[in-house]
Amino acid sequence: MPEQLPYNLIPTDPDLSQTNTETRESEHLLRLEALSEKLQLKVQWESQVKTLNETGVIDILLDCQDIGVLGVDPHDSTKIKEYPISTYEEILSKITPEQLKVLETKQEQGFTKMLLVPIGAHLETLIDRYKQLLIKKHQEGKLLATDGSSLELKKDDNDSTKFDPVYVWDDIKNADTDGRLIYYPEQFDKDNHQGFVKSELISGKANNHQHQLRLDKLKSTNGWQILFIEDNPDLPAQNQGKTLNERKQLEANQTPIDYLNQLQTDPQYTHEQGLTLESWLIYAITQLQETNQQIDDWRSKGKACWLTGSYLAGKVLRYYWSRDNRRADLYGDFPDFSYGDCGSRPVVMLPQTN
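Anchor point for the sequence shown: position 277 equals 276 in numbering that gives the first Met the number 0, and the numbering is continuous, going up by one each time.
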């Protein structure tokens with residue numbers, strides 16, 4: 000059955016008095032309906048909400064009595080704030096004609112999977128939900144690589160009855176709330192990165208006009224980001240990237256500096272951003288819950304993933320599954336380093352308006 004737009008977004012038949020503006024609005028809604036049907040956006044939204052609920056990422060919020068996350072108050076990091084999830088209708092209603100054109104182009108280039116990312120949530124909470132899901136899948140005998148083989152899980156060094164499935168670089172602790180973790184840097188320079196801290200992404204307020212113009216394209220809606228990614232749990236190796244509608248997939252064995260430069264200067268990557276740690280965690284959780292598969296297994300078919308949207312202490316974050324350590328490993332590394340077993344996963348962000 001064709002996917003239907005919400006009733007309040009369904010275009011009506013034009014009459015003789017319809018203005019040019021009304022005609023454009025009608026055409027926009029028809030194109031939006033076509034894209035929604037092609038990408039099955041309502042089905043994707045429902046699936047994402049189900050996954051986030053089943054994995055404990057979202058829950059019923061006491062004050063607003065809606066589903067969402069507890070997270071960082073952008074005005075006072077010592078306080079907790081509720082962030083209800085954006086509804087399907089709210090997401091569609093915010094898509095402007097300009098944004099729709101971007102989404103139409105990028106979906107033809109492979110960006111077809113929608114992710115609902117609670118950027119307002121505490122990083123430690125998302126990491127914990129990922130840990131618990133890994134343990135659950137392992138105990139059920141369902142922790143798999145993308146080739147279908149079983150993955151082992153590391154036991155706790157201090158208690159052999161427990162598991163320790165995720166290693167996290169020490170510098171990550173509280174880095175999202177104390178302002179050390181930088182999001183969407185324009186360059187990997189500790190003193191002049193031109194990126195943002197989490198409170199700016201949530202509040203949508205930057206400290207100067209130039210930053211504000213860029214932030215308007217990156218800010219969240221009430222603590223949530225709506226992203227589109229290539230649904231590819233295994234990043235392509237060097238010389239193995241596929242070309243789709245005049246866009247070639249990013250390939251492994253480049254530096255974070257190289258990846259960021261391509262996203263900023265190469266026309267085929269227009270409107271793409273680097274992945275953040277929060278986005279990687281939501282994709283990993285989604286893939287694991289829906290398919291039982293762990294992403295970015297570099298000893299198998301995949302590669303480690305540079306998170307070029309996350310910059311901390313002069314290093315770019317890098318996440319991957321380690322078969323040797325039997326866990327997911329999160330490290331920071333210098334932006335001029337490259338590895339043959341490490342690639343990068345870009346995203347297309349639905350620009351938001353609060």
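Where a beta carbon is used, it is the ideal one built from N, C-alpha and C, also for glycine.
By alpha-carbon positions, which one of Q39, H121 and S278 ends up nearest to P345? Checking every option, the nearest Cα to that of P345 belongs to S278.
For the beta strand (DSSP E) containing T160, name the first residue and the last one. Where T160 is concerned, the enclosing beta strand (DSSP E) stretches over D158 to F162.
Any C-beta of chain B sitting closer than 8 Å to the C-beta of R179? No chain B appears in this structure, which consists of one protein chain only.
Kindly indicate the opening and closing residues of the alpha helix (DSSP H) around E107. Note, E107: alpha helix (DSSP H), P96 to E107.
Taking H137 as the reference, which of F162, N157 and Q186 has the closest Cα? The shortest C-alpha separation from H137 is found at F162.
Within the chosen definition, does the segment 172 to 179 reach the segment 327 to 347 through at least 3 CB pairs nearer than 8 Å? No, because fewer than three Cβ pairs between the segment 172 to 179 and the segment 327 to 347 fall closer than 8 Å, the two stretches do not touch.
According to DSSP, is P345 part of a helix, a strand, or is it coil? Of the three classes helix, strand and coil, the one that applies to P345 here is coil, per DSSP.
Use the C-beta contact count for C63: other C-beta atoms within 10 angstroms, 16 or more gives buried, fewer gives exposed. Per the 10 Å Cβ criterion, exposed.
Note the first and the last residue of the continuous alpha helix (DSSP H) segment covering Y363. The chain is shown only over 0 to 353; residue 363 falls outside these bounds and no answer can be derived.
Over the uninterrupted beta strand (DSSP E) stretch that includes D332, give me the two end residues. Counted as a single uninterrupted DSSP element, the beta strand (DSSP E) harbouring D332 occupies residues R326 to D332.
Just verifying my parser: in three-state terms, what is the DSSP assignment at S219? S219: coil per DSSP, three-state reduction.
Identify, in the order they occur along the chain, each residue of the same chain with its Cβ nearer than 6 Å to the Cβ of L180, setting aside the five sequence neighbours on each side. Closer than 6 Å at Cβ, skipping near neighbours: A174 and L311.
Could I get the ranges of all uninterrupted beta strand (DSSP E) runs contained in the segment 157 to 199, with 3 residues as the minimum, in chain order? Counting only runs of 3 or more, we get 158 to 162 and 165 to 167.
Among the candidates R325, I294 and L287, whose CA atom is the shortest distance from the CA of R128? Ranked by Cα distance from R128, the options R325, I294 and L287 are led by L287.
In terms of residues, what are the limits of the beta strand (DSSP E) holding P255? Run containing P255: none in the beta strand (DSSP E); it sits in the alpha helix (DSSP H), P255 to T264.
Residue range of the unbroken beta strand (DSSP E) whose run includes E36: E36 -> not in any beta strand (DSSP E); alpha helix (DSSP H) instead, spanning N19 to L38.
G301 vs V315 beta-carbon contact at 8 Å: No.
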